[in-house]
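With numbering that gives the first Met the number 0, the residue at position 5 of the sequence shown is 4, and numbering never jumps. Positions of the beta carbon are idealized from the N, C-alpha and C atoms, including for glycine.
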Amino acid sequence: MKKVLVVFLVAVAFATSVFAENNDKYDIFIKMNNQKTFNGLVSYLQTDYSQTEKLELVFSMTEQKLKTALKNENELEAEKVIFFNLGNAKLVLSEEQYKKYLTIINLSVNNRTNTYIAGI
Numbered sequence: 000m001k002k003v004l005v006v007f008l009v010a011v012a013f014a015t016s017v018f019a020e021n022n023d024k025y026d027i028f029i030k031m032n033n034q035k036t037f038n039g040l041v042s043y044l045q046t047d048y049s050q051t052e053k054l055e056l057v058f059s060m061t062e063q064k065l066k067t068a069l070k071n072e073n074e075l076e077a078e079k080v081i082f083f084n085l086g087n088a089k090l091v092l093s094e095e096q097y098k099k100y101l102t103i104i105n106l107s108v109n110n111r112t113n114t115y116i117a118g119i
């Protein structure tokens, strides 16, 4: 259990520090609500029907709250929305699924950062 908590905290700290550098990084969480992206994610995570329904609600709420925070240029609120997403996803998913979810987020953030740095 301690390992999972440590992995979670490291992932959140990393994500928060990366997001603080560039608001474009928040769009990863907005894109998760895209139907094609969402379908691929739940397929990869192998969620059941109930989990899929709950994640769909979490991602929809995340997108709405995040767009509002970014529109108001409120980075603190945007970070709270990310914690909202991660916390609710953790409640919905099994431990193994949640680890996969964090991996996807970290890979997405790293890919976006590398693309941004390279100027692509």
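Candidates the options: closest to residue i by CA position
i     : options                    : result
Asp26 : Val80, Leu56, Ser42        : Val80
Leu54 : Ile103, Leu90, Leu101      : Leu90
Ala88 : Val57, Asn105, Gln63       : Val57
Lys99 : Lys35, Gln34, Ser42        : Ser42
Lys24 : Leu44, Leu69, Phe37, Lys35 : Leu69
Ser93 : Glu78, Leu44, Ser107       : Leu44
Contact belief for residue i with residue j at Cβ below 8 Å, rounded distance in angstroms
i      : j     : result
Phe83  : Thr61 : 7 Å
Asn32  : Ser59 : 6 Å
Leu85  : Ile29 : 15 Å between Cβ atoms; not a contact.
Ile104 : Leu40 : 10 Å between Cβ atoms; not a contact.
Contained alpha helix (DSSP H) runs [length at least 4] in the segment 74-114, N- to C-terminal order: 74-91
Touch test, the segment 72-79 against the segment 36-53, Cβ-Cβ under 8 Å, three pairs minimum: no
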